[in-house]
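Counting in this note's numbering, the sequence shown runs from 755 upward without gaps.
Glycine residues also receive a C-beta, built at the ideal position from the N, C-alpha and C atoms.
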Amino acid sequence: MRVQDAETGEWLEVEGVDAAVPSEAPRSPARYAAAGMFTPHALSSPSMLPPLVHAETQSTRPLGAQVGWEAKMEAMRARYAAAERESRRGLLQRLADPSLSRSSRMDLQVQLLEQMKAALQTHLAALVAEELEREAGRQQAMRADVSHQGRDRLRQQHARERAYYKTLIEQTKEEGHQLLTATMNDFNLLR
Numbered sequence: 755m756r757v758q759d760a761e762t763g764e765w766l767e768v769e770g771v772d773a774a775v776p777s778e779a780p781r782s783p784a785r786y787a788a789a790g791m792f793t794p795h796a797l798s799s800p801s802m803l804p805p806l807v808h809a810e811t812q813s814t815r816p817l818g819a820q821v822g823w824e825a826k827m828e829a830m831r832a833r834y835a836a837a838e839r840e841s842r843r844g845l846l847q848r849l850a851d852p853s854l855s856r857s858s859r860m861d862l863q864v865q866l867l868e869q870m871k872a873a874l875q876t877h878l879a880a881l882v883a884e885e886l887e888r889e890a891g892r893q894q895a896m897r898a899d900v901s902h903q904g905r906d907r908l909r910q911q912h913a914r915e916r917a918y919y920k921t922l923i924e925q926t927k928e929e930g931h932q933l934l935t936a937t938m939n940d941f942n943l944l945r
């Protein structure tokens, strides 16, 4: 049988070996073991303590089969490109194109405003959720403190914190509305 040396690249004659190397991996567990390979099912057997190789990480793809890295990378690039086109920056770049028709420009402007509005709502919802968590912590601290002086001190501290975070949420909401209004004004969408 002729084989090629991996280091030098020269062809060698191997005597005493009659069988040709199969083009794909053996499929039965006995053939896996004969080939010196682990079967996915044998890896999870209790005889191996502790398991050094987990069955979930072992490939069951036959040897020599195509992995399809190029197709996977192309699909990933397409997903990233679509996400970039639909992002705020991508929409602004598409709006800068002077060859856009009036209707497609209006569609992009509306899409951009809707994205901004959704981002504002998500941000406000996160701020409110954080404040609700802080309020639960404040209530727990009030229940944990048994002294009257400690409770009075906590009431004053909590009142200051509530006022600060309420102001923060209101300012964020107002700034978001101003940003939306300014963007609508830039797009001549205000009547």
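Considering only residues of the same chain and omitting the five flanking positions on each side of Y919, which have a CB-CB separation below 6 Å?
On the sequence shown, position 165 is the one that residue 919 refers to. E885, listed in sequence order.
On a Cα-Cα basis, can you pick out the residue from G818, L867, H912, G822 that is closest to E840?
For the purposes of this step, residue 840 is taken as the residue at position 86 of the sequence shown. Nearest of G818, L867, H912, G822 to E840, Cα basis: L867.
Evaluate contact between the region 867 to 876 and the region 930 to 943, counting only Cβ atoms and requiring at least three cross-stretch pairs below 8 Å.
Yes: at least three Cβ pairs fall under 8 Å.
Less than 8 Å between the beta carbons of D899 and R905, yes or no?
As a working note, residue 899 is residue 145 in the sequence shown. As a working note, residue 905 is residue 151 in the sequence shown. The answer is yes: Cβ separation under 8 Å.
Pull up the distance between the alpha-carbon of L933 and that of V882, whole angstroms please.
Looking up residue 933 in the sequence shown gives position 179. Looking up residue 882 in the sequence shown gives position 128. If you take the alpha carbons of L933 and V882, they lie about 20 Å apart.
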